[in-house]
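Colleague:
In the numbering used here, the protein residues as written are 515 to 883.
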């Protein structure tokens, strides 16, 4: 069987090696006589899977001991509500203001959801520039004492990525937690977890199948939930129960664990970053050298994971996509809010897939340019 190159933004491609391993273990996991999907989440078999996945993720990201790793449900979109729910309840001064930096569609969604539970101050936004760059901290207008500051470190739709971490202490807010939606580039490169109070992300980009949400939260931020927070979504309760307060997404955790082991075999996050740099440079290099295609994101914040681009004539879009499908290059259509094309080149996308896309870009330009 020939597998296509899947450029979907999510749910995204998984490593073929991981899928093959899961297939081998589908009916009988390690002699247990049952599939992981059939296991009791409190049985010794699944408990070992959970413990290994947590340990491997902690190792990969060098998560400090004073942080908890939570495996939750609901996706990053649900976590947009759970952020204020979990961080606003312990303010003695009753502070209900949170600051949001808006750099694309996902941070727009984040701040809209937060408004249901707190006052939101838009510290900075590049919406009037169609989210084609990141605002420097000098442009941020932070509140005097916000409960937290939220950013999206990689915007899946607009293709904007932070390659720096905001320093809230330098901005006069040393005790304010920095919260980051890292859904679409977590595990693509090393990140200093200690610079964040909370990192969270849906699994369906670089971790595994949809249905699993990873939350990495500093210990001192637990126990701050609003009274309205459902017990199953209270980080303190989830942490105290080792992500087992309710039935977790067991099969998604199992696949995530296989992905973590696969990344370790590749050489860890430093090796993944080198591979991702090479893929991004290959694709952007061709696009930059062509008058037939164009990109709009500022060069210093172009995402290595999500590459939006446009043909010089939108009338050719469907022809381009049809030709791509014929060549096994799938899911290249851009998001409806942006248009054009988008190539998502997460960890599981091999360099050969990006080379095949570049070869097609060149061929299509020759025949339609």
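Virtual Cβ for every residue (Gly too), placed ideally from N, Cα, C.
Between which two residues does the beta strand (DSSP E) carrying residue 838 extend?
Modeller: Counting along the chain, residue 838 falls outside any beta strand (DSSP E), though it belongs to the alpha helix (DSSP H) covering 831-840.
Colleague: Smallest Cα separation from residue 717: which of 731, 765 and 732?
Modeller: Answer by Cα proximity: 765.
Colleague: Specify, as a first and last residue, the run of the beta strand (DSSP E) that residue 747 falls within.
Modeller: Element bounds for residue 747: n/a, residue is neither H nor E.
Colleague: Looking at the secondary structure, which residues open and close the alpha helix (DSSP H) in which residue 826 lies?
Modeller: Premise fails: residue 826 is in no alpha helix (DSSP H) and is neither H nor E.
Colleague: Would you call residue 541 buried or exposed, if buried means 16 or more other Cβ atoms sit within 10 Å of its Cβ?
Modeller: Exposed is the call here.
Colleague: Would you say residue 792 and residue 818 are within 7 Å of each other, going by their C-beta atoms?
Modeller: In this structure, residue 818 does not lie closer than 7 Å to residue 792 by Cβ.
Colleague: Applying the criterion that 16 or more other CB atoms from any shown protein chain within 10 Å of the CB defines a buried residue, is residue 880 buried or exposed?
Modeller: The residue is exposed, with fewer than 16 neighbouring Cβ atoms inside 10 Å.
Colleague: Measure the alpha-carbon distance for residue 594 versus residue 628 and round it to whole angstroms.
Modeller: Using only the alpha carbons, I get a separation of about 6 Å.
Colleague: Should residue 544 go down as buried or exposed, given a rule of 16 or more other Cβ atoms within 10 Å for buried?
Modeller: Under this definition residue 544 is an exposed residue.
Colleague: Identify, in the order they occur along the chain, each residue of the same chain with its Cβ nearer than 6 Å to the Cβ of residue 855, setting aside the five sequence neighbours on each side.
Modeller: Closer than 6 Å at Cβ, skipping near neighbours: 823, 846 and 848.
Colleague: Can you check DSSP and say which residues form a bridge with residue 675?
Modeller: Bridge partners of residue 675: 668.
Colleague: According to DSSP, simplified to helix, strand and coil, what is residue 613?
Modeller: Strand, per DSSP.
Colleague: State the DSSP-derived secondary structure class of residue 847, mapped to helix, strand or coil.
Modeller: Looking at residue 847 - three-state DSSP - the assignment turns out to be strand.
Colleague: Locate the alpha helix (DSSP H) running through residue 874, then write down its first and last residues.
Modeller: First-last of the alpha helix (DSSP H) with residue 874: 865-882.
Colleague: For the alpha helix (DSSP H) containing residue 764, name the first residue and the last one.
Modeller: From DSSP, the alpha helix (DSSP H) with residue 764 extends over 764-780.
Colleague: Do you know offhand how far residue 872's Cα is from residue 828's?
Modeller: Going by the C-alpha atoms only, they are around 19 Å apart.
Colleague: Specify, as a first and last residue, the run of the alpha helix (DSSP H) that residue 622 falls within.
Modeller: Its alpha helix (DSSP H) spans residues 619-628.
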